[in-house]
Each structure stands twice: as structure tokens, then as C-alpha cells.
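In what follows, a structure is listed as C-alpha cells, so that the remarks can point back to it.
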Amino acid sequence: MNEKISQWVLTDTERNIWVETLELGAAELGIAAPARISKRVLHGGLQEGVELVEVDNGALSFSILPTRGMGLWRGSYRGEFIGWRSPVRGPVHPQFVHANERGGLGWLQGFDECIVRCGLESNGAPGVDILPGNTGEPMPVQLGLHGRIANLPAHYVAVEVGREAQPVLRVRGVVDEAALFLPQLRLTSCISTVLGSNALLITDEIENRKPVPAEMQLLYHCNFGAPFMDAGARLLLPRTTTAPRDATAAAGLTQWDTYREPTPGYIEQVYFHRPHSAPDGSTMALLHNAAGTRGVALRYNTRQLPCFTQWKQGGSLGEGYVTGLEPATNYPNQRATERRHGRVVTLQPGEIYRVELKMEVLLSAAEVHAAGREVAALQAGVTPQVSRLPLPDFS
Amino acid sequence: MNEKISQWVLTDTERNIWVETLELGAAELGIAAPARISKRVLHGGLQEGVELVEVDNGALSFSILPTRGMGLWRGSYRGEFIGWRSPVRGPVHPQFVHANERGGLGWLQGFDECIVRCGLESNGAPGVDILPGNTGEPMPVQLGLHGRIANLPAHYVAVEVGREAQPVLRVRGVVDEAALFLPQLRLTSCISTVLGSNALLITDEIENRKPVPAEMQLLYHCNFGAPFMDAGARLLLPRTTTAPRDATAAAGLTQWDTYREPTPGYIEQVYFHRPHSAPDGSTMALLHNAAGTRGVALRYNTRQLPCFTQWKQGGSLGEGYVTGLEPATNYPNQRATERRHGRVVTLQPGEIYRVELKMEVLLSAAEVHAAGREVAALQAGVTPQVSRLPLPDFS
Amino acid sequence: MNEKISQWVLTDTERNIWVETLELGAAELGIAAPARISKRVLHGGLQEGVELVEVDNGALSFSILPTRGMGLWRGSYRGEFIGWRSPVRGPVHPQFVHANERGGLGWLQGFDECIVRCGLESNGAPGVDILPGNTGEPMPVQLGLHGRIANLPAHYVAVEVGREAQPVLRVRGVVDEAALFLPQLRLTSCISTVLGSNALLITDEIENRKPVPAEMQLLYHCNFGAPFMDAGARLLLPRTTTAPRDATAAAGLTQWDTYREPTPGYIEQVYFHRPHSAPDGSTMALLHNAAGTRGVALRYNTRQLPCFTQWKQGGSLGEGYVTGLEPATNYPNQRATERRHGRVVTLQPGEIYRVELKMEVLLSAAEVHAAGREVAALQAGVTPQVSRLPLPDFS
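Residue numbers (our numbering), protein chains in the order written: chain A, -9 to 385; chain B, -9 to 385; chain C, -9 to 385.
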């Protein structure tokens, strides 16, 4: 079948293209159903200058942030909010984020997205790593929490519609994390959604554009609060191993897969899972509410993202009631730790690392139940090993 | 009496309101006398992107900086300049301020306001503090000079006029200093002035929006140069105790309350005072020129701001000829020091800390004399203790 | 002769002048030959908000970056590109540069210019220096690579044409590197070119605007890749001494003056030269391609810029194939090292340090040959001392 594509380039610094405002309705998109793609620049407060691309497939809508490394800010599906309420009022322009502040936790000053990439050179806890400097000699470098990519703007942004039997809306963006002497990693991202569907698909390619091997880390910090997280909500995921990150998580181990009501002053609990997958590597994670009537499923491939971290942040609604489902190339420990465990990817010159991550929103008991059965089928025959204490191999 | 209020919202990120330019004359304000409120965005150099709200009550005019945490940039009263000439050409947009640079003194890169708040989580000298990180475990954190609030933009800004017997012009702003795992402190500020008057009133509320107790520090760095500071200018303030901060200040102790002509290469002298107040806590500080014909009075309450720091920076006009009158919750030592002395405020969940600070401009010998008599009345019967050396309790 | 000058002020923050877009052709410039001066603001990616002033004298064109301290981004002469291709896609707005990141190498996040100034308070390798703080007491300060000036915006920018026998196009800019307690250094720069010529002249004045002596460092990082650098390209410069910076450079010493083809994974080699000059201090450096048909000459005065550093970065085209010719007040070691060797300039109060640097582009064998003869004439009678190892006096 011959796909027809219409494309609108919003940003292309190489060709000095910059479209500040765009509004495409169904007519402009050439679709005979409700749909919309728009772009604008936000003003005021911490959002001053942030570019926002909004996509609405008629049922599912979501917003992409080219200014923040093509992160997914928030979404909505048939009226249900997708994302979480962060204490910081975002989206936050990188000019207000100082990664090295607060003991290397400055990244948090900008953290309020639903899906934010952590990487590309490094992610995880702040800490010192030993890296080659300009002279080729190793030097100590303080790495900040979760790396740089979420605070780098895309230099190329385009939106398009593919008019097949099922029209597809897409946002494309290219972000470089590069400088002289430093790694030259390029993220080329496509976020797409089929008209009227309950899902979006993130297809990312990370390219090593330097003629020497490069280390790379990538974690998808997918964050959901109400209505998917509530008192009694559950996380289902096929796995071979589960371990608490630290003593706080160990203390909550028996309830690792359930969530409580908002609890003021909650201290985060983090669990490291080794996902189990089908023979082709495909697997999923499912978060659903207590009633089993609202769920969000992430589908990905363990050959691309072999590690899964679960972040439970069950504070009050105002301070952060959210869980992070984090498929990744690694666990979010300090990079030196991950390297020691062989969980830092090395990309050869020109090599491209490809990742697909699909998010589905489920708004009925039937859909949630069906997804739960899928998880069960993947788990069938495999008894997860659950460690009561942090595992030396993980932490 | 039934006050009538007209309000213009300039920024409200929640509702995507953003007014780039506003010009309200007496007619638009509904006032039968000269008055003006305007808003614009500055361009070029370090001021690129700074929002400026200007208020003119017909006699006193001043400018507010929403982009810099609702600081008061400068003023003018019947032709006399209120503020100081900083070596940095401001107002400076936060994008150009790197707090962690220069040994934690990077805040100075943006410092040129007449009244700038120092806080909210911390203020004072840079230094390491031990604070809980994301895991709840304490971690060492390098705090920069004077905290973050002056480099955070307001996400809500409005101007209004209250048309009473005496019309009042007001600027309102809300600034959040918040992020996940970090304190969630909100400043809600109102700066108002009565038509034709010689005064402005700052009414601030700091709210702890986190469901756990939070530390808070707040200092009003009120800075005045010529024509209020000159050779022979004096500071009058009711107090029970005065102590030099360090050896340099101790050496100048006998002249603590007077100012010299601009002195190239001057090293700052800082004095810590414990203000004395009326039984209701109200007190004041008065700076006046040598001739006693020009003065600026600050009125505040020691129950809100129990500490007063006097900063003498008597350099040449170009390098900073200025004195800082600094009513505050604490002295601007490192926060760990202030905590040890019990001078860090703890706000309970939802608690609001309210501060009122009034600035009056005096342009006649009679006015200055009257204000001086007020200070004397407050001081009456109390002999200040003056320490020749830094006090362990203060430094 | 009575020169006639027309001037267009683009930025003057003191007078609130800000011209976002300007387009002056030959007619507006009053010149009867092709010529152009334009100004615009770039958008998208890392270049968001960067001001670009473009000058075209009919044969030579170049672009100046007021937002980046009046650096020279790129040029073109009769179709030949002047500059280099950095891994970072610039020009980069300072809001995206975090000098203290990456072990103090964060400056590299914005480095892609042809000519970028390193200074003014410090330049060279990152490291700790002991500097007076606000109290006058010495404090340790982490200085970042190459200082602040390249990431500070000009607060005054003007373009002008002088209509003499030979019309001259000029860009003027003023940039302050200043803050309370910190040095107050002002760069006043004029970049000019004669109509139809192959050259541009940078005339810089650095003024100490503080009433106390100030240290100052200034290095012109002049960077050229293809077509001036290629396999077999050569650097010619009159000198009395040459020494490798480190072991890597020592290993390449015998080929210090020649360049190889792009070599993936190349580790930088840096040579420190003491230039030799004519009795009046004038000297030059010449880079030309292997065929001797394309060259770029820098002319300067050793009384102003006594040190010359040669940076060989012969990586692949994508990772940085470039050589830096760096006339300077000092060698780019840590400032403490340079101070120990007496190579940090001290400016008295009000003192102005003046530098002239001329860049000529040569596009014929005859021109390159003639310039090479000039270098030989300067070198005549002086045998350079070439150290096989790093010299204690230089490194």
C-alpha cells in the first residue's frame, strides 16, 4: 500500500526554519475525523520559551516538548488525565534548570513530565565518574541526576500525517547531546498515534556520531498518578527477579506491587526488576487502579531495554503522588556502578540503538483484565525470585 | 467602606495568560490624578527577557521585576533616585546567573536591585549544609549565596487599583520555590502604594505547601546609595545589641552608624543588630544623608523579622557605594550556623509566614527629624549593648 | 581627509534601544558597490535567542555574535568557508552553557566559533584559584575553562559605515564582565573590514573599571578547518621557542607544524610558542593548505599578545578537524600557573589594554607564497629553540 504523507517542518536550524505557531485541524490534515496538531510557545514563569506540540487523535491527546528533549509532557484519553502533578509548575524551560545544584539533584527543578528520557551519556544517581578530558587523560567528572537530554532542545522538529486506511499522526524531533571532546550522541525520535486509538508509540534512535566507541545510557521515566494510581492500585509485570534498592524499599517489599492512598511525607521506595519476556524479547508492564477499571500499559522489548525500575512516590497529591515505570538499558545507579555491572551500552562509531516503547490507555474492566491476562501469560512457568535485601548485582 | 478594585492579570501560567505590554494611565486606572502602571519586557544584554512592571503614584515611582522573584529594582521620588548603581548592568535575567559559580557567590552576577529577597529555603553565606535527598538520607548540599528566590520568575502577576478615598496601586505576584523532594515554598507578594504618597508597602506571605515541616529563611536586602548615603550619612535604629561580624567590621565599630565618602577598594563592613521594638513588635530603621535632608525609613515588625543586618559597602561610585539595610528572620551566616542558633524558621504544613515591610522616602529636614525622633522614642530607656568583638551568638 | 560615518545603534540597554531586525544594502550604506550589513535573532534548538550580525564587504563576509561576547562565528571569502565544523550545532545561546559542568569543561557546550575570546578575568584549563571573596579574605574558587566573556551578551551594539576613499564596514560592541566584589572588566570591540578586501580587523579594548588593580587574561581562540587545514597543511610562525604542552604533544613534536588527514579518535596536541617579532612587536602566523593555494594569516603584536598557543585537533570532520591559532597574553594553563610565571596581566584602575588582531584570507599560491616570505623575513637570523619535552617555564 502506498502511504501518503504530509509534513510540516516546524524547526530546522540548519535551514533557518522556525514556525512559532501552527494550528492544523482535520481539514488541514486531510482527515475526515476529528484530529488536531498544533504548536505554540509558552510564556510566563518557568515555562517561558517552552515549545509545545499538541497532538489529538480524536480520543487520545498528548503534548510533546521539543525544548525539553522531545519529552512527553501530559496526555488525556477520553477525559482522563495522563501524567502527574509535580510540585514544580512546568513545563520548565532548561534556562531555569541547574543540574549541578542541590548536590547534583538540580534536574528535579525541571521534572514534571509524564515520559521523560534520562540519558544519553549517563543517567541515574548523581556521582563522580572518571572520564577522559580534552587531553585524553582521565579526569573526575561530577555527573548530575539523569543526564542532559531532557534539558536540551531539538534542532529539528516536524509534524506529519500519514493517510493510510488508518491515518497516523506523528511528531518527529532530533536532539544532539554533543560537544567537542564529549560524546556526540543524537536522539532521533518519532512519537506517533493512530487516529482514534488509545495508544502512542515512541520510536527512538540513538546514534553515536563520533568515530570512536561511546558509552550510552537510556531510561524512560514514565510517570503516572491518579486516576491510574490510587489506594489499592497494582503494578503487574512479568519478571524473573525483583529486589529492593535499599532498606526503605526492603521494608515495603511485601507490598511492592500495590499502592497506598496519598501519604504525606512518604519516602520513595524503589524496586529493581529483571523483566521476563516472550522469546522475541517483547514484554509489558501494567499499572491499574484498585477497581481494575483504569490502566496504563507499557509495551517494550527487553533486548532494547533489559532493566526495569519501579519508583513508588506515594506522597500527598501536592508533593508528588506518582509511580515511575522505568524501562531502561540499566538501573539508575551511579554510572560507575552500572559500568561495573556491565549495564552501560557501548555504541560503535555510527552505530544506532533503536528503541520502541508503546503506551496504551485502558478505560474499562475488560481492557484491564485482558492486559492482566497478557502479563500472566508472559509470566507463566516462571517463578520470580524476590530478594528480601538489596542485591549486590543490582545496587 | 466598600472598596472598588479593578485588576489586570498580566501572567497566569495556569490559565495561559500572558500580557507582554500594558500601559495604564490615570484614565484607564479611573483616577483623577497623575498615575501610571505599565508592563514591558526588556531586551538586549543581560536584561534580555526581563519583565518590568512600573508603578507611578504621581510622586513616587518604582519598578517591580516578576522575572526576578518580584524584586524591587529601583524607584524615584520627586526626582530623587532610590536604589544604587551596581557594577552589573541590570536588571539581570536569571538565565545569566549561575549561583554555583565563583565559590557559591554567583548570585552576585544578578545583584543590582534596591530591594531583593534572600531565601526562601536558605539565605546567607554559601556553604555546605546537610539536607535530606530523594532517598530520605542526609546528603551534603552546597548552598549558594542568598538562595534561589531572586532568580525565579513569578507564574502569576497582576496589577490593580483600589479606588477608595485614597486610591491604591498594587502589584501582585506569586513565585514558587519548589521541586520534587525539595521544599515547596510559595511567595505571594503584594507591593502597594497610596496615590501621591511617599511610601510603598511590601506584604509577603510565604507558605509551606508540603505536608511536612519545612525550614524557611527570609531576608530583605534593601540597598541605598546616593543621595541617601553620602559622607556623613547616618543609620539610626532602635536596638538592644550591636556586634561586628568580623575583624574588619570590629575595626570600624566606633563609626558603625556613619558613612564615609566613596572609598576606592573599600572592604565591606557588616554589623549584626538585635532591633528593639515597641511592645507590639513594630520598629524602624532610618538612613539619612549628612545634611539630614534626605532619608529613607524602613518600618517592619520584629515578630516577623527579628534580626537586622547592616551592610556597609563604601566603595567608589562605580564599584558599589551602597548600604544594605536587612531586616530578616536570621543573620546571613551559613544556614547550618543559623540553625544551630535557632534562627531558621520552621513552617508547619500549610503554615503561612506573613511579613510587612514599608519603605518611606523623606525629602525634608522636618521629615527626617521627625523620623529620627521616632527612633529615639523607640530606643528610650534601653541602652544598647555594643560588642567590640564578634559575638558567638551572632557569628 | 574628512571621514563620513553613518551609524545604526542596534542595542543600547542604557537607552532601551533594541533593534531586532536590520537589513542594510549598498543603497542604505551609501556605497556604490555590493555590500551588506544585517542583524537578526536566531530561533530553534541551541541557537534560540542568539543575535547575529552579518557583514559582507562584497568579497569577504562574516558574522558576529553579540550574544556570545562579540565572537566571530564564521566567515566566507569568495566562496571559501572560514571556520570549522564543531560537534555542537551552534551558535549556542549562553542559556544552554553550564561552565561548571563536566569537570569545568562546560564551556565546550557552546564552542563552535571561528574566533572566540577566552577571558577576561581568566582563561585556560579549569582549576581552583585562590581569590578574594566579599569579605576580602581569600577563598578557593573553581574557575571554568576559558572564562566567562564568550557567554556574556553585549549591552551595546552598533554597526557603521565609514565612507572614505575605501569604505569601511564596522561592528561595535561593549560587553561587561562585572559584578559586585568581582572584577569589573569591560570589553569594547570593533570588528571592521574594508570594502572588497580579504581582511578583517579586530580592535579590542579591555578596561579595568574598578578603582583597584585587576588581573586580566585574554586569548584569541582562532579556529580553522578545511579548506585551510588539510593533509599536509602547514603552520608558519616566527618564533624563538617551541615546546610541547605534554607527552602527547612531545610524541608528535617533529611534525608540530604540519597537519594530517582527518584521523578518527585523534587526541589533541598542543604546542606553546614564544613568537618572534619585528622590533615594533608586529608579527604574524600563517596557516596554509598542502597545495599552498589557500591560507589564512593572523597579524598581531607581541607587545599586546606575547604568547602563542597552537592547538592541533585533527579528528574526523564530524568530531572536530580544526587547528586553533591562539595569540594571547598567556598560555592556557590554569591561572594559578600563569600567575606564578608572571603571565597574568595586571590592569591599574581605569587602565585600558588594547589589542589589534587582523585576519587575512589568501586564495592564491602567490598570496600564500608572499605571506610565507614575510614569515621567513621575520624569522631571519633567529634559530628557534625547540624543546623535546614540556618546558617548566611554559607548562
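Cβ coordinates follow ideal geometry from the N, Cα and C atoms, glycine included.
Contact with chain B by residue i, beta-carbon distance below 8 angstroms
i: M206 (chain C); result: no
i: G100 (chain C); result: no
i: A144 (chain C); result: yes
i: D166 (chain C); result: yes
i: P130 (chain C); result: yes
i: A367 (chain C); result: no
8 angstroms Cβ cutoff, residue i in contact with chain C
i: W8 (chain A); result: yes
i: L172 (chain A); result: yes
i: H136 (chain A); result: no
i: E258 (chain B); result: yes
i: N(-8) (chain B); result: Because the pLDDT at N(-8) (chain B) is just 47, under 50, the model does not fix this residue reliably, and the value given afterwards should be weighed accordingly. It does not: the Cβ of N(-8) (chain B) has no partner Cβ on chain C nearer than 8 angstroms.
i: G396 (chain A); result: Limits of chain A in this structure are -9 at one end and 385 at the other, which puts residue 396 (chain A) out of reach.
Beta-carbon contacts of residue i that lie in its chain and below 6 angstroms, excluding the five residues immediately before and after
i: N213 (chain A); result: W74, C104, V312, G314
i: T193 (chain B); result: C180, E346
i: T292 (chain B); result: P265, S267, G271, T273
i: G109 (chain C); result: G137, I139, Q207, L208
i: V260 (chain C); result: R235, A239, W301
i: N124 (chain C); result: F171
Contact with chain A by residue i, beta-carbon distance below 8 angstroms
i: T283 (chain B); result: no
i: N213 (chain C); result: no
i: G304 (chain C); result: no
Contacting residues, own chain, Cβ-Cβ under 7 angstroms from residue i (five flanking each side not counted)
i: M(-9) (chain C); result: Because M(-9) (chain C) carries a pLDDT of 40, less than 50, the predicted location of this residue cannot be relied on, and no value is offered for it.
i: H88 (chain A); result: G96, Q99
i: A355 (chain C); result: G282, T283
i: Q(-3) (chain C); result: A148, E150
i: R224 (chain C); result: D247, T248, H278
i: V372 (chain A); result: T230, H266
Counterpart residues of residue i in DSSP-defined beta bridges
i: V225 (chain C); result: Here residue 225 (chain C) turns out to be Leu, not Val, going by the sequence shown. In the DSSP output, where bridge partners are listed per residue, L225 (chain C) has C:L277.
i: P234 (chain A); result: A:Y261
i: C180 (chain A); result: A:R162, A:T193
i: V147 (chain A); result: A:T1, A:G163
i: A395 (chain A); result: The structure shown has nothing for residue 395 (chain A), since chain A only spans -9 to 385.
i: W8 (chain A); result: A:T1
i: L42 (chain B); result: B:R30
i: G152 (chain B); result: B:I(-5), B:V158
Endpoints, beta strand (DSSP E) assigned at residue i
i: H263 (chain B); result: 259 to 265
i: A356 (chain C); result: Taken as a continuous stretch (DSSP letters only), A356 (chain C) belongs to no beta strand (DSSP E), being part of the alpha helix (DSSP H) at 355 to 369.
i: V1 (chain A); result: Per the sequence shown, residue 1 (chain A) should be read as Thr rather than Val. Counting along the chain, the beta strand (DSSP E) containing T1 (chain A) begins and ends at -5 to 2.
i: G304 (chain A); result: 297 to 304
i: T336 (chain B); result: 335 to 337
i: T313 (chain B); result: 311 to 318
i: R107 (chain C); result: 105 to 110
i: R293 (chain B); result: Looking at the DSSP string, R293 (chain B) is not in any beta strand (DSSP E), and its letter there is neither H nor E.
i: I120 (chain B); result: 117 to 122
Own chain partners of residue i with C-beta closer than 8 angstroms, once the 5 adjacent residues on each side are dropped
i: A16 (chain B); result: A22, A23, P24, A25, R26
Start-to-end residues for the alpha helix (DSSP H) that takes in residue i
i: H211 (chain A); result: Here H211 (chain A) belongs to no alpha helix (DSSP H); instead the beta strand (DSSP E) covers 204 to 214.
i: L19 (chain B); result: 16 to 19
i: G282 (chain B); result: Unbroken run through G282 (chain B): none, as it is neither H nor E.
i: R92 (chain B); result: 91 to 94
i: R330 (chain A); result: 325 to 330
Closer than 7 angstroms: residue i CB and nearest the ligand NAD heavy atom
i: R224 (chain B); result: Looking for the ligand NAD in the displayed structure turns up nothing, as the structure carries no ligands at all.
Margin query: For the segment 336 to 352 of chain C, list every residue whose C-beta sits within 8 angstroms of some C-beta in chain B, in sequence order.
Written below: P339
Item checked: chain B contacts made by the segment 228 to 254 of chain A, where a contact means CB separation under 7 angstroms -> D236, T238, P254
Item checked: Members of the segment 193 to 204 of chain A that neighbour chain C once the beta carbon cut-off is set at 7 angstroms -> R199, K200, P201, V202
Item checked: chain A contacts made by the segment 75 to 95 of chain B, where a contact means CB separation under 8 angstroms -> P84, Q85, H88, A89, N90
Notebook entry, point to check: If contact means a Cβ-Cβ distance below 7 angstroms, which residues of the segment 20 to 46 of chain C contact chain A?
Noted result: H33, G34, G35, L36, Q37, E38
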